[in-house]
Structure formats: C-alpha cells, structure tokens
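So the structure is just underneath, and the comments pick up after that.
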Amino acid sequence: MTAVVVAGAVAALGVSASFAWADPQAKAGHAGRGTLVSADHLRSMSVGDAKAALDKAGFATDSLEYDVELYRLEYRTVDPHGKHVTASGLLALPDNHSRKLTAVSYAHGTELAKSSAPSTGTDTWDIAPAVTYGSSGFAAVAPDYVGMGTGDGAHPWMDVPSETTASVDMLRAAREYTTHHGRQLRHDVMITGFSQGASAATGLADSLDNGGDDWFTVGALAPISGAYHWSQWLRDATSGGISPKEATVYLAYWLVSWDRTNDIYGDPSEVFAAPYDKTVPPLLDGEHDPQDVVAALPDTPDKLLTKHAKDMIAHPTGNLARALEVADGTCSDAASEAPTRLYFASGDAEVPGSNSRYCRSEFAKQGVDVGLNDLGDHAHLETNQIGTAKVVRWFESLS
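Take any residue in the sequence shown, count from 1 to its spot, add 3: that is its number in my numbering.
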C-alpha cells in the first residue's frame, strides 16, 4: 500500500550516460529472464548530497558513509500470464572501492504512476531507501515491478507472483551489470520491502529458499508494514477498519488490477457504482497524475462499491478465491533459516499490525519463531522512514 501522495520533492534525476549491451539476446538462464537489456547512469550523489536530501525527506542519515552512483537497469522478465516483457529498476552502488558487495533487495510501496517508481521517480521518497542502503555500503537493488518505471504494460498491483519474478530477475540483471564492471555480488541477499513491497519481499525470500536462482540465497529478511493477510485487509477496508479515503483508493486500484490479471468480474458496473464504473478504470493506467486519481475518487468505499463488490469480498469464489489464497500465503512458505524480523507500527491506520501478527503466526506454523518489532504510534508512510533506519543497521550487524 503506501505513498499515494508524497511531499518533499527534490530536483529530477538527470540521465548523464546511456548504453545498451551488445548482445541483448544473451541468456541468463530461465529462458532469458534476468538478461540485462540496457543501463542508464542517472546520477552521482556525494555522501553530503545524500544526507541533505534524505534528511529533508525525513529519512535517517547516520548510516550513510559513501558517495553513491544510481543506475536504471532494464531487463527481461515475465508478466502474470507468462509473457516475456521488459521491466526496469534502480541500482545504487557505493563508491567504496569494494570488489565484493552484499546486495539489499528493496521492494517499494504502492505508487499509482509509472513515473513514481524507484528508477523513474523524481522525489527523494522514491529513491531514499535505495540511497540509504547504497551509501551504507550495500548494492541496493530496487525493482520497479512489472508495468512500472519504463516497463511494458499495466502494473498488476498486489500480484505477489509477478513481484517475485521481477525481484529475482532484477537481482540477476544487477549481477550481470556489476560483473561487467569488475565487481561481484555475494550469494547472500538482504531482503526488505515496504507496504506492497513487504509481501513482495516474502515472495522473494520464498523463491530463493526454494531454488529460484542458482546464485542468490537469503541472507536476512526484514519486511515493513505488509498486508500479508490480504483477504482480511479487504474485509476491513469495506467495513470501516481502514482509513476511508486510503481504503477507497486501494480498493479501486485492486479491483482494476486484479480483473486484468485474474478476470474477477465481467463489467466494471458490477463492482463500481455509477459514475465510477466509467471513470475509474481509465484512470488507473499508470499514466495519470496520482493526485488527479485520488481527487477523482469518492471519500468512502460505500460510495465507490456496489453491493455485489462487497459480497464478492466477503464471500469470494472462483478466480477471486484462488487468487486470494495466493495473496494470503506470502508468509506460509517464506520461513527459512535466515534471520527474519517483521516490522509494523501500532499507530498504522492503513495496514494494521494484525497483518504482521498473522505473518508471524504463519512462520510459527513452519516451526520458525521470528522477531516482531513494533515501530510505535506512527502513520503508515512514517514506517518506511523509521523502518529503513532500523533495517539498515540490522543488516550491517549481520554482514
């Protein structure tokens, strides 16, 4: 879920260099998935510039130590239907002269516009976690996801399988890029993510633990403020348990995205009340300004949804039931021997802490006791700022 509207913009990232690999058809295994297509150098940030930008955006700066180079990588992956597509992501590398780097895979929270993804965003918010990890000495690998950034098609929001493949393939592309430049990514990956990206992080951990890549393994897992119990979150959103405006935005985004991916209704009028059945689907194409999207939606789910939509959420069947089973299972198979901590905030009105407690209970069913860390009485977006500061220090202590 996440940063629907974010304040505190800084100067746009400028593209200072660009090149494409000579052999874009070179195989990286898995039918070309993870093959690097191109890399653009976006920006060089001194440690002083990074501290100033992150401080202005409300992110901690005490772990920052190195100048950092930011790159946009484009690479091969697959969409939810198995079609080969190009996706993009942000790679942040420290200028610390170390030939071997530990990768941190950071999965971002919800964005309504393609241009707000890590590799295309112009706000410090969009790049702050990647800059934090990169300037702290890690190789920060931040996938935009399928259909975000410069990627092909529409974004399949809250679709953990495609978030997972995009994350695995972004790691492969980052490894290819660093290898071509005389550096190497270690086997162990530190995995984290915020909001939407929290369940993407657990999906990535599950994939790597089950042989999803021949090189990378899970070094640690630390997701922040995830909606791991998605079917319950939907019920809460339609019954007043979530901040109403945020619930309305997320429900609209979810219905449009999941119908594209899972075919859960026949016509928008089945789920959206007039006039939103006509206005909402075209708005959620990733090309509209997020503030315009939010302004065009009603203030409560009751004004947005039909009775059929509410009944469908309360009693899912068919394609929806099957898709929800997948969404609710992000923690069911993610437990590993790697150190794991879950972060949430008791004051979060968008993604209640019950989601993290649910995730912890799913880990416990697999015989794994994970740390549950309450960040306190903070709003949802604040948990990205506070959580990033805690996670980077924990990752440093492990590596």
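Ideal placement from N, C-alpha and C gives every residue a C-beta, glycine not left out.
Bear in mind the structure is a predicted one, so any value in this text is a computation, not a measurement.
* Proximity winner among A120, I267, T125, Q294, relative to G152 (alpha-carbon distances) -> A120
* **Integer Cβ distance of V71 from D98, believed to fall under 8 Å** => 7 Å
* S400 (DSSP reduced to helix, strand or coil) -> helix
* To do: Using three-state DSSP, classify R102 as helix, strand or coil.
  => coil
* Simplified DSSP assignment, three categories, for N213 -> coil
* To do: Go ahead and label E114 buried or exposed: buried means 16 or more other beta carbons lie within 10 angstroms of its beta carbon, across all protein chains shown.
  => buried
* Does DSSP classify G156 as helix, strand or coil? -> coil
* Whole-angstrom distance between F366 and G215, CA atom to CA atom -> 20 Å
* Can you tell me which of the three DSSP states L224 falls into? => strand
* Asked: Which one or two residues does DSSP pair with E353 in a beta bridge?
  -> Looking at the DSSP assignment, E353 forms no beta bridge with any residue, so it has no partner.
* Asked: Identify the residues that DSSP records as bridge partners of G92: which are they?
  -> L76, P146
* To do: Kindly indicate which residue of E166, K86, Q199 has the alpha-carbon position closest to the one of W233.
  => Q199
* Look at the alpha carbon of D314 and the alpha carbon of A110, and state the distance between them as a whole number of angstroms. => 32 Å
* Asked: How should N213 be labelled, buried or exposed, when 16 other C-beta atoms within 10 angstroms of its C-beta is the threshold for buried?
  -> exposed
* To do: State the CB to CB distance for the pair A157 and F62, rounded to an integer number of angstroms; the pair is presumed to be in contact (CB under 8 Å).
  => At roughly 30 Å, the Cβ-Cβ gap does not stay under 8 Å, so A157 and F62 are not in contact.
* To do: Assign P355 to buried or exposed, taking buried as 16 or more other Cβ atoms, counted over all protein chains shown, within 10 Å of its Cβ.
  => buried
* Identify the continuous beta strand (DSSP E) that holds Q187 and give its terminal residues. => 187-197
* Asked: Does the Cβ of R363 have 16 or more other Cβ atoms within 10 Å, making it buried, or fewer, making it exposed?
  -> buried
* What are the partner residues of D377, as DSSP defines its beta bridges? -> F347
* Option in R102, S339, D380 with minimal Cα separation from R186 -> R102
* Secondary structure of Y109, DSSP reduced to three states -> strand
* Return the first residue and the last residue of the beta strand (DSSP E) that S47 is part of. => 39-48
* Three-state secondary structure (DSSP) of D126 -> strand
* To do: Could you please give the first and the last residue of the uninterrupted alpha helix (DSSP H) stretch that includes P293?
  => 293-298
* To do: Below 6 Å CB to CB, which residues in the same chain sit around P319 once its five sequence neighbours on both sides are set aside?
  => L327
* Can you tell me which of T386, W397, T168, P278 puts its alpha carbon nearest to the alpha carbon of R36? => T168
* According to DSSP, is V252 helix, strand or coil? -> helix
* Asked: Tell me the DSSP bridge mates of P97?
  -> V71
* Supposed close pair A230, N387 - CB separation, criterion 8 Å -> Not confirmed; about 14 Å, so no contact.
* H87, DSSP secondary structure in three states -> strand
* Asked: When burial is assigned at 16 or more other CB atoms within 10 Å of the CB, is K117 buried or exposed?
  -> buried
* To do: Could you check the C-alpha separation between L96 and D270 for me, to the nearest Å?
  => 46 Å
* Straight-line gap, G112 to P159 (C-alpha atoms, nearest Å) -> 13 Å
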